[in-house]
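Undergrad: Following this message is one structure expressed as structure tokens.
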Amino acid sequence: MVEEIIEYLRRSGWVQQSVEAVLPDVPRWERHLHSRGVDAIPALPSRSWSAANSRAHNELVLLMMQAHKDRDKSREHEHRNLTRIRPYKS
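First residue of the sequence shown: 1218, per the numbering used here; consecutive thereafter.
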């Protein structure tokens, strides 16, 4: 799955230097994704998405946001709610 994550980053528009910067973290990302029920990385581009692909995409996007050097805490917060890493506050 590590190679699929790397390919996903490249197809998402990450430049080679950005991909190389997170390479040490990718095995941890893989373990995290497995622990969250993600078994496959969706191919990009894709015209149709299954529920599993949408979940994998959302989980990957959150990891990508957290790895970015210019982090947007508000967007990360919203995405953690979307992926249910943290439940919504009532």
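Ideal Cβ placement from N, Cα and C applies to all residues, glycine included.
Consider the C-beta atom of V1255 and the heavy atoms of the ligand ATP; say whether any pair is separated by less than 6 Å.
TA: Absence of the ligand ATP is noted for the structure shown, with no ligands found whatsoever.
Undergrad: Can you say whether L1226 is buried or exposed, counting buried as having 16 or more other CB atoms within 10 angstroms of its CB?
TA: In the sequence shown, the residue the question calls residue 1226 occupies position 9. L1226 is buried by the Cβ-count criterion.
Undergrad: Write down the C-beta distance between V1255 and I1222 rounded to the nearest angstrom, noting that I regard them as a contact closer than 8 Å.
TA: The residue you call residue 1255 lines up with position 38 of the sequence shown. The residue you call residue 1222 lines up with position 5 of the sequence shown. The pair is not a contact, with the Cβ atoms about 10 Å apart (cut-off 8 Å).
Undergrad: From the DSSP output, in three-state form, read off K1290 for me.
TA: The sequence position of residue 1290 within the sequence shown is 73, counting from 1. Here K1290 sits in helix by DSSP.
Undergrad: What does the Cβ neighbour count give for L1250, buried or exposed, with the cut at 16 atoms within 10 Å?
TA: As a position in the sequence shown, residue 1250 is number 33, starting the count at 1. Answer is buried; the Cβ neighbour count reaches 16.
Undergrad: Suppose contacts are defined by Cβ-Cβ distances below 7 Å. Is A1273 in contact with P1259 by that definition?
TA: Here residue 1273 is taken as the residue at index 56 of the sequence shown, counted from 1. Here residue 1259 is taken as the residue at index 42 of the sequence shown, counted from 1. It is a contact, given that the beta carbons lie within the stated cut-off.
Undergrad: Just how far apart, CA to CA, sit S1271 and P1262?
TA: Indexing the sequence shown from 1 puts residue 1271 at position 54. Indexing the sequence shown from 1 puts residue 1262 at position 45. Approximately 13 Å, taken between the alpha carbons.
Undergrad: For a test of the three-state rule: what should DSSP assign to L1261, helix, strand or coil?
TA: Here the question's residue 1261 lines up with position 44 in the sequence shown. Reduced to three states, the DSSP call for L1261 is coil.
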